[in-house]
Structure formats: C-alpha cells, structure tokens
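Those protein sequences? They're chains A and B, same order as listed.
Numbering-wise (the working numbering), the first sequence opens with residue 1 and increments by one.
Numbering-wise (the working numbering), the second sequence opens with residue 168 and increments by one.
Structure record follows, encoded as structure tokens.
2 protein chains.
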Amino acid sequence: MSDAPPSLDPAQLGAYFDLIEVTSLLRHAVEQQLREAGDLSYVQFQLLARLGDSPSGSHRMTDLADGVVYSRSGLTYQVGLLEKAGLVTRTPSPDDERSTTVTITDAGRERLAEVLPGHVEVVGGLLFEPLSREDVETLAGLLAPVREHMRSTPPRSATPRRRTTGG
Amino acid sequence: MSDAPPSLDPAQLGAYFDLIEVTSLLRHAVEQQLREAGDLSYVQFQLLARLGDSPSGSHRMTDLADGVVYSRSGLTYQVGLLEKAGLVTRTPSPDDERSTTVTITDAGRERLAEVLPGHVEVVGGLLFEPLSREDVETLAGLLAPVREHMRSTPPRSATPRRRTTGG
DNA sequence: TCGACTTGCTTCGAATTCGAAGCAACTGCG
DNA sequence: CGCAGTTGCTTCGAATTCGAAGCAAGTCGA
C-alpha cells in the first residue's frame, strides 16, 4: 500500500476529457466535410495539405508518416489510393534507392483547394467559434510546449514497470 | 479571384495543428499502455471508465456511444467483446424493451483498477508534464466552452451546401 | 385502436488500420 | 570487398471501424 492515489486533479481530468471529446467531435465533423466536399479521408487531406505546404511539393514516406502520426503500412495504403486517384506521384529518391518521394500533382492541389474552404469553415465554426483571438493565442501557447514534449519523449519508456501485486 | 483567402490566422492554425498532433500522440501512447497493462483498447477503457464512474455502474448503449463519440455499430462490437471477456453484462431495460443496459462487472472494475494507474501515469507524463497547475486550469477553461459549443452544434448543419459552382 | 414515424440496437459488407514479417538498399567496420 | 546491423517501404493477416439496412419496440395523432 502507501501508493498515493493515482488520480489526476479535477482540473486535469476535466482538461483531459475535454481534450479527447473536443478532438473526437472535431475529427468527425471534419471527416464528414472532407468526404462530402472532396471524397477525401482526414488522413488523405492531411497528407495533401502537408505536401502542398512543402516548397518542393514532396516528402519522403517516413517523414509523412511521422508528420501525421500514422503507421508506415497505413501510409503505404493511403498513398496508394492517392496515387491511384492521380493526386500524388511516387518516385524513387535519387539519393536513397529505397526511399520513396511522394509529390503532389496539380490535380492534388486542385482537390486540396476544393476542400480547404469548407475545412476551414468547419474548424472555424466548431473549434474557434467560442474562443476569442486572445483565447486562441493562449491555447496555442499552451499546446506548443506539450507538443514539443511529446515529440521528444520516447514512445514507451514512459511505462517503466507496472505491477499491482496487490496482495 | 475576389474571394477572401479562406485560411485561419497563424495562431489558429498553430493551435489547430498542435491540437491534432498532441491528441494523436497522446492517444497512441495511451493505447499502447492500455494494451500492455490490461489488454484493452482505448474505446474499451473509455467504456469501462464511464461505467465505473456511474453510480449504478450501468448505462444505455446509446448514452455510451454518445459519451465516447462512437458509432452505434462499433459500440455493439466492442461491448460484445467486453461481454465475452466478462467485464460487462448486457440486460434488457425494464422500461424500454428495445433498450439495452450495459453494466460493469466486478471483473470489469478490477481490470479498470489494474490499468488506471498506468493510464494516469502516461497522461500525466505526456500531457501535463510541461504544464503548471495554472496552465491546466486555463486549458480546461478554454476547452470546456468549446466542448459545449460542439455538443450543441448539429453535426452536419455546418455544411449548408457544398458546391463550387466556380464557373 | 390503427398506421406512420421515431428510436434503440444489431447484422452485414466494405474500407481502413496496425504490427509483424519480408525485401531491398545503405552504413560501418575490418 | 564482405558481413552484420540499420533503415525505408511494402505485403500480409487479423482486428476494428463505419454507414446502410434490418428489425423490434415505443410514440403520436386522428
């Protein structure tokens, strides 16, 4: 015994639950909009957006996967779909023969442009509607260090040892 | 031509991206911990937690689905797994013959107790580590109204009409 | 009471997801 | 050069997800 009660503060719990619920609801809404406006899944949209944002319009597979927090195999699948739809191309990297460079096509940019206004509208209407400009800046200021912290924390070292011999 | 650029502020974009990335990373980490500690998926854990939190230890299917932001059919599947594992029971509701009441069992509570400390540890270590107590309260204060707003906003009315008549 | 509509859950099929395993290309060290 | 280990991507199988369709029970108005 003697372990401190393992629960989080009420404020922490509230923040945690709200975070989960807010992003779940937001994700659902966004997914629906993307599906209707341009027949894209959220992942596909994220990939296109990331590629469109890049100066060269291209990224390596692994960087894409890390960027959107996605499994390698899942990425292969989704990029395959995007390629089949003509929205991206896959070319072997000149440097590393095993590396694949994914590049957004003009059609991809067009599609992105088609869905983007609606996307922005949904995010603005759902997430930012109840927040003042100042609130948004505060929120961004809170989340940025968390993101950095998570990025720099190894995925599983956080579970050092769990045993509840309990008896 | 002529349409105002539909993008969000830099601050909004940053907050939005960070929100997505933070929750994605958090979810992955939590899922891994739950899998290792008690062979539960995140949804299953959320369901057990919600049931365990309830005074009666039970909820209707629909309320559970709404609570965790999940599809009805997916819930049927997951509750089926939980039932097969002996962590919950399903009984027809006395009032509404068509309603199913899901109740957590003692084994369910035990399992919940097994994974909870590790869960709290992961969430605390990843999400709250870089945040002061004050930060957490601020965050909770920002997210709560957003959650309320999202709850009260009908899922699809936000997409009044998607058409880019464009020409 | 009857009939249309709604509500609550499940079944079904298709799509998506992940991790493990496999394969090819690189890197380091002798 | 040649071998062990790493890295990058894909293939594979199993599990999970969703929406549509189906079915039973409940509700409302005439």
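In this text, a Cβ means the ideal position worked out from N, Cα and C, and glycines have one as well.
As the structure is a computational prediction, the values presented were derived from the model and not from experiment.
message: So, does the stretch 116-135 of chain A touch the stretch 24-39 of chain A, judging by three or more C-beta pairs under 8 Å?
response: yes
- prompt: Residues bridged to A/V122 by DSSP?
  reply: None, per the DSSP bridge assignment.
message: Looking at chain B, is there any beta carbon in it that lies within less than 8 Å of the beta carbon of A/T165?
response: No answer about A/T165 holds up, because its pLDDT of 32 lies below 50 and its placement is not dependable.
field: Three-state secondary structure assigned by DSSP to A/R133
entry: helix
query: Rounded to the nearest angstrom, how far is the Cβ of B/D185 from that of A/R147, given a contact under 8 Å?
result: 5 Å between Cβ atoms; contact.
query: For the stretch 47-78 of chain A, which residues have a CB atom closer than 9 Å to at least one CB atom of chain B, in sequence order?
result: G67, V68, V69, Y70
Minimum C-alpha distance to A/A113 - residue among A/V22, A/Y16, A/D39, A/S7: Considering only alpha carbons, the answer is A/D39.
query: Is there a Cβ from chain B that is less than 8 Å from the Cβ of A/L8?
result: yes
- prompt: For the ligand FMN, is there a heavy atom less than 7 Å away from the beta-carbon of B/V282?
  reply: What this structure holds is no ligand at all, so the ligand FMN is not there to describe.
field: Residues bridged to B/R227 (per DSSP)
entry: Note: B/R227 sits in a beta bridge opposite B/T268.
task: Within its chain, find whatever has a CB closer than 6 Å to the CB of A/R72; leave out the 5 residues flanking it on each side and keep chain order.
output: Leaving aside the five residues that flank A/R72 on each side, the residues in its chain whose CB is nearer than 6 Å to its CB run, in chain order, A65.
field: A/R90 versus A/V43 - alpha carbon distance
entry: 17 Å
Counterpart residues of A/R151 in DSSP-defined beta bridges: None; A/R151 has no bridge partner.
query: What's the gap between the Cα of B/L214 and the Cα of A/P92?
result: 45 Å
task: Report all residues from its chain with a CB closer than 8 Å to the CB of A/G108; omit the five preceding and five following residues, and keep chain order.
output: L48, L51, G52, L82, G86, L87, V88
Burial state of B/R330, where buried means 16 or more other Cβ atoms lie within 10 Å: Note that B/R330 scores 33 on pLDDT, short of 50, meaning its location in the model is unreliable; the coordinates nonetheless yield the value given after this. Result: exposed.
- prompt: When the cut-off is 8 Å and only beta carbons count, does B/T326 lie next to chain A?
  reply: The pLDDT assigned to B/T326 is 35, lower than 50, so where the model puts this residue is not dependable; a value taken from the coordinates is nonetheless given after this. Yes, its Cβ sits closer than 8 Å to a Cβ of chain A.
field: Assigned exposure category for B/Y183 - 16 Cβ within 10 Å defines buried
entry: buried
Reference B/D176; option with closest CA among A/T101, A/K84, A/S132: Per the Cα distances, A/S132.
query: Which whole-angstrom value describes the C-beta separation of B/F212 and B/V282, a residue pair presumed to lie in contact below a C-beta threshold of 8 Å?
result: Yes, they are in contact, since the Cβ atoms of B/F212 and B/V282 sit about 7 Å apart, within 8 Å.
task: Would you kindly report the start and end of the unbroken alpha helix (DSSP H) that includes A/V22?
output: 10-38
query: Going along chain B, which residues have a C-beta under 7 Å from A/S24?
result: V236
message: I'd like the span of the beta strand (DSSP E) that includes A/V69, first residue to last.
response: Unbroken run through A/V69: none, as it is neither H nor E.
field: Alpha-carbon spacing of A/S7 relative to A/P117, whole angstroms
entry: Answer to the nearest angstrom: the Cα atoms are 42 Å apart.
- request: Look at B/H286 and B/V197 and say whether their C-beta atoms are less than 8 Å apart.
  value: yes
message: Please tell me whether A/I104 has its Cβ less than 8 Å away from any Cβ of chain B.
response: no
query: Under a CB-based cut-off of 8 Å, is A/L127 close to chain B?
result: yes
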